[in-house]
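Undergrad: Sharing a structure here in structure tokens format.
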Amino acid sequence: AAAAVGLLTRNPDAAGAAALAAVPKPLRTVREAFGCTMNQGLSARHDALVLRPRVLRTLDRIDAIMIDPRALYTDELTVSRVLGVENSARAHAWEAVRAALDGGGLAPGWHPLADIPGAGSVGEALISPVRDPLAAAVLTEARRSQPRVYSLDDYGLRSLAQGFDQLYPADGSVDHAVAAAVAELKAAGNTVALLTTSGMRATHRSDVTIGLLRPGHSPPWAADVIANDLTGAWRLLHALPAARAATDSAVRLSASASAIGALMLIPGVPGRSSASVNVGMVASLWFGYRAALKTLRDPLPEPETAHDWHALPVAEVQRLLPRPTDEDREEAAAWWQQPPPLRALHDASVKSWGAVRDFVDEMRGDLADPITPLLATGAAASALLGSPLDAVLVGSVLLVNAALSAEQQLHAERTLNRLLAVQDPPARRRVGALEAQRREKVPTKRLRLGDIIEVHADEVVPADARLLHASNVEVDESTLTGESLPVAKQTDPTPGAPLAERTCMLYAGTTVIAGTAVAVVTAVGSRSEMRRALAMAPRKLQEIGLQRQLRHITRRALPFSVASGALVGLLSVARGTGLREAVSSAVTLIVAAIPEGLPLVATLAQLSAARRLTGQSVLIRNPHSVEALARLDVVCFDKTGTLSENRLKVKSVHPMAGLTPGQVLDAAVSTSYARHSHRVEHATDDAIHQAAADPALRDGSPPRARETRDAFLPFQSGRPFAAALVGTRLTIKGSPEVLASALLRDGDSLTGQVNDMAAKGLRVLAVAERRLTAKQASAAAADPDRLEALCRGGLTPIGLLGLADTPRPAAAAVLEELDERGIGVRLITGDHPATAAVIAQELGIDVTADQVITGSDWEALSADGRAAAAASRVVFARMTPEHKIDVVQTLERSGLVTAMVGDGVNDAAAIRAASVGIGVAARGSDAARTAADVVLLDERIEALLDALDEGEQLWRRVQSAVSMLLGGNLGEVCFALLTTVLTGRSLLNARQMLLVNMMTDALPAAALAVSPQTGTADVKRDEAAMWRAIGIRGAATTIGATAGWAMASVTGPPGRAATVALVALVGSQLTQTLVDSRAPLVVLTSVGSLGALAVVISTPGLSQLFGCTPLDPLGWGQGLLAATAASSLSAVAPDLLARASQAVQRRWLGGEPAGEEERAQGHTRSVRPTLSGPGHADQD
């Protein structure tokens, strides 16, 4: 550039100024400022030693993070798991292993219990390092910073393993495995950051190395940054997004500064080009400093507790977690004790300041758009070229659009928070002495560690808690573990137990279905097991639909805007126009061609759809997801709690010979557990009670009155049956396997019936009885142990009950409608294959045995085999949460837009991984709601269809609004180019072009984005279709403006002709808008905009300000006639294009083109193969 300027001007000073203007100084200075500030902050706040400061200037380029697993551990070893033993023996085995570990006889890894003295003969124990309290926080932050995160496949990671994008094998030396992984990442072109310890001795090629200084170890001198602990590492990872954002801002600032500097080289333009670059450099220094300072001031994460609460006795837990004092709570509520006027003033000021801060932050985010720097540069250029009013107008349009978008976003967020608050039930907290049993209800977010909570049946657990008292407590933990059966709880410690077997713990989001629990809070908020699992959920594999297309369209439109402006400038110079005037015309056209309203209309359309759906029991957490609903290829459903009600129902009764179904049900009812008011609290017992009252299942016999029991044994851990004693009759209900071994006669026939029922997907309960002597009955009534012993032999079978989950009433209709729309369905469940297949049949999914696959079979498949299975199989049984993620991601990798519908934390990771995550709001569904883009409220699964319809409408509205914005701008550019070629300059000045944008880009486009569309034909959702619509509208706008100008040029002077062209140009865009939608809001804004244009043109003074000439009726008639004719042409253009395409196909390709019906089903055909069996998959 400098050489070209020097040759053209023959002035070395001008060449030097051009060279200075072209240097991207802001990009370098922002990195320097960010790196220096981070260097000082790390040293001052974290005692970190930065050995190579240059690496802090490369943080914006990190795209892969390798974490040495040793960096997440401490030097202490612990017994982390004891598996393969009964719950009653686990504590004893754990103590024996712990003693052996303290004696120094055990190394990290798995050890058979038989090899450990006193630990037992079966089972195994895992010895692993104690995890650093900040390990989970560091991994979560690495994931949040967006690079892909890697580590080694190390047993000590345990639950953290799911948080990594990939785990490399840890064969042989850890040092060499880490170095090999880094080398592989570097070979793939990544910029790698390595977090390691002083134990790393192997040579590696990482770009940034963070070494941890552990007590008792030598410093990691080979590292670039030595961190005293994981807080320093967390801070560096936390800085990565800020470094990238600062660099992106500096790149845009460099371009703007260079452009302004280049303008200052033009004779007559005030200022020196070097000054523009220097101002940009100073601004970038400030941006880099502020970005780093904010990163350093952000609060550190809370460390995890160092205690395994499930492994400690109750007394020890209470000692370590004392109840918060009343003084602590009063301190937080100090303002409530102030006088009412002062309290009201304080609350109002805090609320107002918060609203202003949120508004400013939202506006700042909206202005961080690629369009903003171009408009800001255009405004500055207009001011330099002698048009400060134009600069003010451009800046006003920019700020108004950002303010409107920010207000809409904040309104949507407030509505969302209000609805989510309603979904969260309060917690019941004990106050005062525990013996007094006084309690209060408080919001869940006000719970603190050490608080004592009380949870009753049918209530959701508000926080992770260690049980203090448990009265016949059973908990539905399916949302956390996927286990559909209730878990019996007790207060004894369970050291070394995996999550699903920690029977002394309650976990947030699970549901108590029986009994009353009193527990001490051990974790709240993000530290709960559910939130931790959610933080490790995988990221979405693809960005889809409107979100991606608008970004692509913007990236392609901006260069076109700049190129068209430059072309107008060159044409003007070629026709003899002065350089400054030609550049002014070019800048005007560039600013006018920028679609500044594009972010606003997209935001309005998405938020409008979200508001509509809120009234239809659909809560939109991510507005970008609405449009993706219209593009779905496959929907994956969790079964339990999603397609089913998670409520058992008796489906069949099989009495023994000589007995009736009613007698079987009456005997089963006698063993049910009920507390006060005879309310049934167990899901199984509730199903039996309802069946006992159903004449269809009883074969018409009336229910028998319930007799008073002399003794009762409920279900509990280690006792898989319930029993009741009435007089001398002992009735038992429970697991068929247990009862079969206690029968008086051979139970082979009973076993056969059980197998037949299980093959039909039923959960089977056996009912039996035993006649006791009066002495036996008396002893059993007085001694529960004696009663239990009598239940384990001498039984006579009465019958079998088959139970199954209850499908939701609307589920079958939803699946049928999805099939009619050409959307594939996948059923993913943890149930047995037979059970899953039966449920699928009940839901109307016609599946064969070849279309069912289990989790173990899935694991055995190769990547290609999994892709084929995901395409051909319909039912996925015995699937873990990890399997669910893999199925979803396999479908995504196959190019299918996939939705995942679920209701629990075991679904949350898959929900987050899908293109569209859909959560069903039910009891204990907090994790699913948090991970989801879309939430179906009130458990209304049928609301999914309303969301699909709204997604279709959204595509129509956005395509119409975007084609109006970009098509209108395209028409303006083409008209400007045409008139520049013919006259030497653009007929429309800067203010007129801004006026056109205000008349069309503001209210009419916004109204179009939120109003229903007129057309009913299927809308194509690819980017080509959108560009086609933009081209048609742009051509019509150009034709309308040119026709109006041509007619007016014959009947009047050039100034009048230019104003007629302005009317025709605006009128063409507004009438095309009315073709797309005639909703009241669209009509009102279009007519209002045309009226505003008439006021501007007809008002003396205002007309001259915009360079217009007042028009007579003939001029208005010419402009509106041209606009109407052009709009009519745009309305028939799509059909003309389709016919032309068919003619070309017949002429050049041969054969008949596809008909309308075939074209409409094109999307369906592309999806149908995913629903077919293996035979069809092979054809693919």
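Each residue of the sequence shown is one higher than the last, beginning at 1 in the UniProt record's numbering.
Backbone N, C-alpha and C fix where the C-beta goes; we use that ideal spot for every residue, glycine too.
#1: If you draw a straight line from the alpha carbon of lysine 775 to that of alanine 782, how long is it in whole angstroms?
#2: Inspect the CB distances between the region 983-994 and the region 388-399 and report whether three or more fall short of 8 Å.
#3: List the whole-angstrom C-beta distance separating isoleucine 941 from valine 958, where the pair is believed to meet the contact cut-off of C-beta under 8 Å.
#4: When the Cα atoms are used, what is the spatial distance from serine 386 to alanine 379?
#5: To the nearest angstrom, how far is the alpha carbon of alanine 1005 from that of valine 518?
#6: Quick one: what does DSSP say valine 269 is sitting in, helix, strand or coil?
#7: Going straight from the alpha carbon of proline 714 to that of alanine 514, what length do you get?
#8: For a quick check, are the C-beta atoms of residue 1181 and aspartate 464 less than 8 Å apart?
#9: On the three-pair Cβ rule with 8 Å, is the region 56-66 touching the region 229-243?
#10: Can you check whether the CB of isoleucine 823 is closer than 8 Å to the CB of leucine 632?
#11: For leucine 1070, which residues from the same chain have a beta carbon less than 8 Å from its beta carbon, with the 5 sequence-adjacent residues on both sides left out?
#12: Among Ser256, Ala188, Leu300, Ser159, which one has its Cα closest to the Cα of tryptophan 234?
#13: At the level of alpha carbons, what is the spacing between leucine 567 and proline 373?
#14: Could you tell me the alpha carbon to alpha carbon distance between valine 521 and glycine 641, rounded to whole angstroms?
#15: Can you list, in chain order, the stretches of the alpha helix (DSSP H) that have 4 or more residues and sit fully within the region 789-872?
#16: Do you know whose CA, among Thr140, Gly968, Ser382, Pro703, lies nearest alanine 582's CA?
#17: If we ignore side chains and look at the alpha-carbon of each, how far apart do valine 397 and alanine 355 end up?
#18: Any contact of the region 595-614 with the region 958-971, i.e. 3+ C-beta pairs under 8 Å?
#19: Candidates Arg621, Ser617, His176: which alpha carbon is nearest leucine 607's?
#20: What residue does the beta strand (DSSP E) around alanine 469 start on, and which one ends it?
#21: Please report the straight-line C-alpha distance between proline 426 and glutamate 124, rounded to a whole angstrom.
#22: Label tryptophan 353 either buried or exposed according to how many other C-beta atoms from any shown protein chain fall within 10 Å of its C-beta, with 16 as the threshold for buried.
#23: Once you ignore the five residues that flank valine 251 on each side, which residues in its own chain have a CB closer than 7 Å to its CB?
#24: Quick check: isoleucine 839 and serine 652, are their CB atoms within less than 8 Å of each other?
#25: From methionine 530 to arginine 144, what does the alpha carbon distance come to, in whole angstroms?
#26: Excluding the five sequence neighbours on either side, which residues of its own chain have a C-beta within less than 6 Å of the C-beta of arginine 580, listed in chain order?
#27: Have a look at the DSSP bridge pairing and note the partners of alanine 517.
#28: What is the C-beta distance between threonine 503 and glutamate 477, in whole angstroms, given that I count them as a contact (C-beta under 8 Å)?
#29: Check asparagine 646 in the structure and name its three-state DSSP category.
#30: Within 10 angstroms of the Cβ of arginine 319, are there 16 or more other Cβ atoms? Answer buried if so, exposed if not.
#31: Would the region 604-619 and the region 652-663 be scored as touching if the rule is three or more Cβ pairs under 8 Å?
#32: Which two residues bound the contiguous beta strand (DSSP E) that contains phenylalanine 876?
#33: Less than 8 Å between the CB atoms is what I'm expecting for histidine 310 and alanine 497, so what's the real figure, rounded?
#34: For tryptophan 221, count neighbouring C-beta atoms within 10 Å of its own C-beta (all shown protein chains included) and say buried if the count is 16 or more, exposed if not.
#35: Among the residues of its own chain, which have a CB less than 7 Å from the CB of proline 493, if the five just before and after it don't count?
#36: Within the same chain, show all residues whose beta-carbon is closer than 7 Å to that of alanine 691, passing over the 5 residues directly before and after it, in chain order.
TA: Working from what's here:
#1: To locate residue 775, count along the sequence shown from 1; it is residue 775. To locate residue 782, count along the sequence shown from 1; it is residue 782. Their Cα atoms are separated by approximately 11 Å.
#2: yes
#3: Reading the sequence shown from its first residue, position 941 is the one you call residue 941. Reading the sequence shown from its first residue, position 958 is the one you call residue 958. Between valine 958 and isoleucine 941 the Cβ distance is about 27 Å, and since that is not below 8 Å, they are no contact.
#4: For the purposes of this step, residue 386 is taken as residue 386 along the sequence shown, with counting starting at 1. For the purposes of this step, residue 379 is taken as residue 379 along the sequence shown, with counting starting at 1. Here the sequence assigns glycine to residue 386, which means serine is not the residue at that position. The alpha-carbon atoms of glycine 386 and alanine 379 are separated by roughly 11 Å.
#5: Position 1005 of the sequence shown, counted from the first residue, corresponds to residue 1005. Position 518 of the sequence shown, counted from the first residue, corresponds to residue 518. The alpha-carbon atoms of alanine 1005 and valine 518 are separated by roughly 58 Å.
#6: Sequence index remark: in the sequence shown, residue 269 carries index 269 (1-based). Coil at valine 269, not helix or strand.
#7: Counting from one through the sequence shown, the residue named residue 714 turns up at place 714. Counting from one through the sequence shown, the residue named residue 514 turns up at place 514. Cα to Cα, the separation comes out at about 11 Å.
#8: Missing from the structure shown is residue 1181; the chain here goes from 1 to 1180 and no further.
#9: yes
#10: Numbered from 1 along the sequence shown, position 632 holds the residue referred to as residue 632. Numbered from 1 along the sequence shown, position 823 holds the residue referred to as residue 823. Contact check for leucine 632 against isoleucine 823 passes: the beta carbons are separated by less than 8 Å.
#11: Position 1070 of the sequence shown, counting from 1, holds the residue named residue 1070. Closer than 8 Å at Cβ, skipping near neighbours: Met999, Thr1000, Pro1004, Ser1086, Ser1089, Leu1090, Ala1123.
#12: Reading the sequence shown from its first residue, position 234 is the one you call residue 234. Ranking the options by Cα distance to tryptophan 234, first place goes to Leu300.
#13: Position 567 of the sequence shown, counted from the start, is the residue given in the question as residue 567. Position 373 of the sequence shown, counted from the start, is the residue given in the question as residue 373. Whole-angstrom Cα-Cα distance: 21 Å.
#14: Numbered from its first residue, the sequence shown carries residue 521 at position 521. Numbered from its first residue, the sequence shown carries residue 641 at position 641. Valine 521 and glycine 641: Cα-Cα distance of roughly 27 Å.
#15: 811-820, 833-842, 855-859, 863-872
#16: Reading the sequence shown from its first residue, position 582 is the one you call residue 582. Measuring from the Cα of alanine 582, the nearest candidate turns out to be Ser382.
#17: As a position in the sequence shown, residue 397 is number 397, starting the count at 1. As a position in the sequence shown, residue 355 is number 355, starting the count at 1. Each residue's alpha carbon lies about 23 Å from the other.
#18: At 8 Å Cβ cutoff, the stretches touch.
#19: Start at 1 with the first residue of the sequence shown, and residue 607 comes out as number 607. Nearest neighbour of leucine 607 by Cα position, chosen from Arg621, Ser617, His176, turns out to be Arg621.
#20: The sequence position of residue 469 within the sequence shown is 469, counting from 1. Note on identity: in this sequence residue 469 is histidine, with alanine being the wrong assignment. First-last of the beta strand (DSSP E) with histidine 469: 464-476.
#21: By 1-based counting over the sequence shown, the position of residue 426 is 426. By 1-based counting over the sequence shown, the position of residue 124 is 124. Going by the C-alpha atoms only, they are around 41 Å apart.
#22: Position 353 of the sequence shown holds residue 353. Answer is exposed; the Cβ neighbour count stays below 16.
#23: Indexing the sequence shown from 1 puts residue 251 at position 251. Within the same chain, valine 251 has close Cβ partners Leu27.
#24: Counting from one through the sequence shown, the residue named residue 839 turns up at place 839. Counting from one through the sequence shown, the residue named residue 652 turns up at place 652. No, they are not a contact pair.
#25: Sequence index remark: in the sequence shown, residue 530 carries index 530 (1-based). Sequence index remark: in the sequence shown, residue 144 carries index 144 (1-based). Distance between the alpha carbons of methionine 530 and arginine 144 is about 18 Å.
#26: By one-based count along the sequence shown, residue 580 stands at place 580. If we look at arginine 580 and ignore the five residues flanking it on each side, its Cβ neighbours are Ile266, Gly268.
#27: Within the sequence shown, residue 517 is the residue found at index 517, counting from 1. Bridge partners of alanine 517: Val455, Ala470.
#28: Residue 503 sits at position 503 when you count from the first residue of the sequence shown. Residue 477 sits at position 477 when you count from the first residue of the sequence shown. That pair is no contact at about 10 Å.
#29: If you number the sequence shown from 1, residue 646 lands on position 646. Here asparagine 646 sits in strand by DSSP.
#30: Position 319 of the sequence shown, counted from the start, is the residue given in the question as residue 319. That one is exposed.
#31: no
#32: Here residue 876 is taken as the residue at index 876 of the sequence shown, counted from 1. It spans 875-877 - the beta strand (DSSP E) in which phenylalanine 876 sits, taken as one unbroken run.
#33: If you number the sequence shown from 1, residue 310 lands on position 310. If you number the sequence shown from 1, residue 497 lands on position 497. About 6 Å separates the beta carbons of histidine 310 and alanine 497, which is inside the 8 Å limit, making them a contact pair.
#34: As a position in the sequence shown, residue 221 is number 221, starting the count at 1. Exposed, since its Cβ has fewer than 16 Cβ neighbours within 10 Å.
#35: On the sequence shown, residue 493 is found 493 positions in, with the first residue counted as 1. Correct list, in chain order: Ala91, His310, Ala311, Leu312, Pro313, Cys504.
#36: Translated into the one-based positions of the sequence shown, residue 691 becomes position 691. Excluding sequence neighbours, alanine 691 sits near Val650, Leu665, Leu697.
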